[in-house]
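Protein chains: 2
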Amino acid sequence: MAITTVVFDVNETLSDLTPMGARFAALGAPEGLGPLWFAATLREGMAQATGGELTPFAELATATAAGLLRRHGVADPDAGARHVVDGFLELPVHDDVHGGVAALRSAGLRLVTLSNGAASVAERLLGDHGLREQFDAVLSVEDAGIWKPAPASYAYALQACGVDAAESVMVAVHPWDLHGAARAGMATAWLDRHGDTWPGYLTPPTFTVGALPELAGHLA
Amino acid sequence: MAITTVVFDVNETLSDLTPMGARFAALGAPEGLGPLWFAATLREGMAQATGGELTPFAELATATAAGLLRRHGVADPDAGARHVVDGFLELPVHDDVHGGVAALRSAGLRLVTLSNGAASVAERLLGDHGLREQFDAVLSVEDAGIWKPAPASYAYALQACGVDAAESVMVAVHPWDLHGAARAGMATAWLDRHGDTWPGYLTPPTFTVGALPELAGHLA
């Protein structure tokens, strides 16, 4: 079955989270807390998913940021955490996103997003960068009731789009996301911008690209 | 029903992971990668648990360490990752562990461990610090087939010990672990060594202590 629908992860796949480190630094905490905070937020969301529960991304991200800021002696960790999480509303997209989206649209593919974050945050990101009209739907696992990479999160997106798993491809920088999509029967495209190594314990991706514009060549 | 059995988490709850940062530093990478690496390893294990899958802790920890070392330009990231993960075999226990274990044993309680890591690593830790004979069983989720905080991981431990959830208490520094134990019907004891704030989206712990010896007073 030919691929008709491209499902994009949002955080780090479309958006560039690098500026989040500066938000910690502005509060007097180490800039390196940015990656730790994001990993810990994902850990929290996935922990809840192992029991069939979901708390919205922003609530987990805020609590996790506050905890890190408190440990680092920031005076008002709750206000600081709001400052950090507000950074999601001002993120850039990666340099390869505009060209990649244009190439996929030119190839006649339908584009949607599926984020562990809120749909409103993805709407804001796409809108701010002139990309919103290129996407047919902006979906969040909050409407699925469970985070990626739980199987039901992908099933929700496919049902919302009215497509079979076999005619879809999940695009992400995170191997765990693609492993979950592969479990759900989707093709997978690993956007490996850093020349990383695929983790041997996960299902290998269908396609691997170093930048998003390369993907259209695989799908056309 | 009175509590008869105390189930301990191992990593960070009994062991002190602080020296793991020095292992990254010895390879020329930032010492701050220690906490990021541990959070990312947990994220990987929980991601797999959302789909009912399990990969052993050491394999996830090695792959995650190698990825971080590669990103930081370390020449042989696979050998470096083995150096990092070998650090689990030389960890200290926290200062309050010996006194806490002695007090709980004096109160007539049965002690066991339940780790997301390998049972052999926990055996080594307890043996090296003269604590092994205080514990009736050293259990790993690898024998449950799924990581904490999935419900089946705690059910496995309770069955292995032959105790009802209502006569057990889970002890951990990680709120997500205690939330999972509470879902499984266990009492929970939060070991809050750093004066952290309990995350509002998780079931509050039955007991909170700042150091392990305080727990015996709650259970006696």
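Chains Y and V, in that order, give the protein sequences.
Heads up, our numbering is the position in the first sequence plus 538, with the first residue counted as 1.
Heads up, our numbering is the position in the second sequence plus 538, with the first residue counted as 1.
From the three backbone atoms N, C-alpha and C, an ideal C-beta is built for every residue, glycine too.
Sheet register partners of residue i (DSSP bridge)
{"i": "Ala727 (chain Y)", "result": "Y:Val709, Y:Phe745"}
{"i": "Val675 (chain V)", "result": "The amino acid at residue 675 (chain V) is misidentified as Val; the sequence shows Ala. DSSP output for Ala675 (chain V) lists V:Val650 as bridge partner(s)."}
{"i": "Ser760 (chain V)", "result": "The structure shown does not extend to residue 760 (chain V), since chain V spans only 539 to 758, so no value can be given for it."}
{"i": "Phe546 (chain Y)", "result": "Y:Thr651, Y:Val709"}
Among the options, the one whose alpha carbon lies nearest that of residue i
{"i": "Leu571 (chain V)", "options": "V:Leu580, V:Pro615, V:Gly559", "result": "V:Gly559"}
{"i": "Ser553 (chain Y)", "options": "Y:Pro630, Y:Val545, Y:Arg581", "result": "Y:Pro630"}
{"i": "Ala703 (chain Y)", "options": "Y:Ala688, Y:Ala599, Y:Thr588, Y:Thr726", "result": "Y:Thr726"}
{"i": "Gly618 (chain Y)", "options": "Y:Tyr739, Y:His717, Y:Arg561", "result": "Y:Arg561"}
{"i": "Leu598 (chain Y)", "options": "Y:Pro713, Y:Ala577, Y:Thr588", "result": "Y:Ala577"}
{"i": "Val747 (chain Y)", "options": "Y:Ala758, Y:Val709, Y:Pro737", "result": "Y:Val709"}
{"i": "Gly605 (chain V)", "options": "Y:Gly638, Y:Trp575, Y:Phe745, Y:Pro713", "result": "Y:Pro713"}
{"i": "Asp730 (chain Y)", "options": "Y:Ile541, Y:Phe673, Y:Thr551", "result": "Y:Thr551"}
{"i": "Gly590 (chain V)", "options": "V:Val545, V:Gln672, V:Ala688, V:Pro557", "result": "V:Ala688"}
{"i": "Met539 (chain Y)", "options": "Y:Pro743, Y:Val707, Y:Pro742", "result": "Y:Val707"}
{"i": "Thr627 (chain V)", "options": "V:Pro573, V:Asp614, V:Ala660", "result": "The amino acid occupying residue 627 (chain V) in the given sequence is Leu; Thr does not appear at that position. The shortest Cα separation from Leu627 (chain V) among V:Pro573, V:Asp614, V:Ala660 belongs to V:Ala660."}
{"i": "Arg662 (chain V)", "options": "V:Gly625, V:Ile684, V:Pro568", "result": "V:Gly625"}
{"i": "Thr744 (chain V)", "options": "V:Ala720, V:His732, V:Leu750, V:Asp616", "result": "V:Ala720"}
{"i": "Gly611 (chain Y)", "options": "Y:Pro737, Y:Gly733, Y:Thr735, Y:Ala567", "result": "Y:Ala567"}
{"i": "Leu757 (chain V)", "options": "V:Ser653, V:Leu649, V:Pro557", "result": "V:Leu649"}
{"i": "Ala596 (chain V)", "options": "V:Leu607, V:Ala645, V:Glu582, V:Arg608", "result": "V:Glu582"}
{"i": "Pro594 (chain Y)", "options": "Y:Asp715, Y:Cys699, Y:Thr556, Y:Lys686", "result": "Y:Lys686"}
{"i": "Asp715 (chain Y)", "options": "Y:Asn654, Y:Thr600, Y:Ala601", "result": "Y:Asn654"}
{"i": "Arg643 (chain V)", "options": "V:Leu664, V:Glu671, V:Gly665, V:Asp616", "result": "V:Glu671"}
{"i": "Ala722 (chain Y)", "options": "Y:Asp734, Y:Leu696, Y:Thr735", "result": "Y:Leu696"}
Cβ shell of residue i (< 7 Å), same chain only, five flanking positions each side left out
{"i": "Ala682 (chain V)", "result": "Ala690, Ser691, Tyr694"}
{"i": "His667 (chain Y)", "result": "Val631"}
{"i": "Thr651 (chain V)", "result": "Phe546, Val548, Ala660, Phe673, Val676, Leu677"}
{"i": "Pro751 (chain Y)", "result": "Asp634, Gly637, Gly638, Ala641"}
{"i": "Thr556 (chain Y)", "result": "none"}
{"i": "Ala698 (chain V)", "result": "Ala675, Leu677"}
{"i": "Ile684 (chain V)", "result": "Ala587, Gly590, Leu592, Ala690, Ser691"}
Beta-carbon contacts of residue i that lie in its chain and below 6 Å, excluding the five residues immediately before and after
{"i": "Ala657 (chain V)", "result": "Val676, Ser678"}
{"i": "Val711 (chain V)", "result": "Glu550, Thr551, Leu729"}
{"i": "Leu740 (chain V)", "result": "Pro713, His717"}
{"i": "Val622 (chain V)", "result": "Arg561, Ala603"}
{"i": "Ala749 (chain Y)", "result": "Asp634"}
{"i": "Gly665 (chain Y)", "result": "none"}
{"i": "Pro615 (chain V)", "result": "Ala604, Leu607, Arg608"}
Rounded Cβ spacing between residue i and residue j (contact assumed at less than 8 Å)
{"i": "Met584 (chain Y)", "j": "Thr588 (chain V)", "result": "6 Å"}
{"i": "Leu592 (chain V)", "j": "Glu705 (chain V)", "result": "With 8 Å as the limit, Leu592 (chain V) and Glu705 (chain V) do not qualify as a contact, their Cβ atoms being about 27 Å apart."}
{"i": "Ala574 (chain Y)", "j": "Leu574 (chain V)", "result": "Checking the displayed sequence, the identity of residue 574 (chain Y) turns out to be Leu instead of Ala. Their Cβ separation, rounded to whole angstroms, is 5 Å, which keeps Leu574 (chain Y) and Leu574 (chain V) in contact under 8 Å."}
{"i": "Leu607 (chain Y)", "j": "Leu565 (chain Y)", "result": "6 Å"}
{"i": "Arg620 (chain Y)", "j": "His732 (chain V)", "result": "Contact flag wrong, Cβ pair sits at about 22 Å."}
{"i": "Ala601 (chain V)", "j": "Ala754 (chain V)", "result": "That pair is no contact at about 39 Å."}
Closer than 9 Å to chain B by CB, residue i
{"i": "Ala601 (chain Y)", "result": "Going by chain labels, chain B is absent from the structure shown, which instead holds the protein chains Y and V."}
Contacting residues, own chain, Cβ-Cβ under 8 Å from residue i (five flanking each side not counted)
{"i": "Thr542 (chain Y)", "result": "Leu647, Arg648, Val701, Glu705, Ser706"}
{"i": "Pro737 (chain V)", "result": "Pro713"}
{"i": "Pro742 (chain V)", "result": "Trp736"}
{"i": "Glu569 (chain Y)", "result": "Gly559, Ala560, Phe562, Ala563"}
Near the ligand ZN: residue i beta-carbon under 8 Å from a heavy atom
{"i": "Ala617 (chain V)", "result": "Among the ligands in the structure shown, none appear at all, so the ligand ZN cannot be discussed."}
Note down, in chain order, all residues in the segment 698 to 726 of chain V with a beta-carbon under 8 Å from any beta-carbon belonging to chain Y. Trp714, His717, Gly718, Arg721
Short of 9 Å Cβ to Cβ, which residues in the segment 730 to 751 of chain Y face chain V? His732, Gly733, Asp734, Thr735, Pro737, Gly738, Tyr739, Leu740
Output, in sequence order along the chain, the residues in the segment 624 to 648 of chain V whose CB is closer than 7 Å to any CB in chain Y. none
Short-range partners of chain Y found in the segment 568 to 597 of chain V, where Cβ spacing is below 7 Å: Pro568, Gly570, Pro573, Leu574, Ala577, Ala578, Leu580, Arg581, Glu582, Met584, Ala585, Ala587, Thr588, Gly589, Thr593, Glu597
Interface positions of the segment 673 to 696 of chain V facing chain Y (Cβ-Cβ less than 9 Å), listed along the chain: Going along the segment 673 to 696 of chain V in chain order, one finds Ile684, Trp685, Lys686, Pro687, Ala688, Pro689, Ser691 with a Cβ nearer than 9 Å to chain Y.
Counting only Cβ-Cβ distances shorter than 9 Å, please list the residues of the segment 541 to 565 of chain Y near chain V, keeping chain order. none
In the segment 647 to 669 of chain Y, which residues sit with their C-beta less than 9 Å from some C-beta in chain V, listed in chain order? Along the segment 647 to 669 of chain Y, there is no position whose C-beta sits under 9 Å from a C-beta of chain V.
Using Cβ-Cβ distances below 8 Å, what residues of the segment 603 to 614 of chain Y are close to chain V? Ala604, Gly605, Arg608, Arg609
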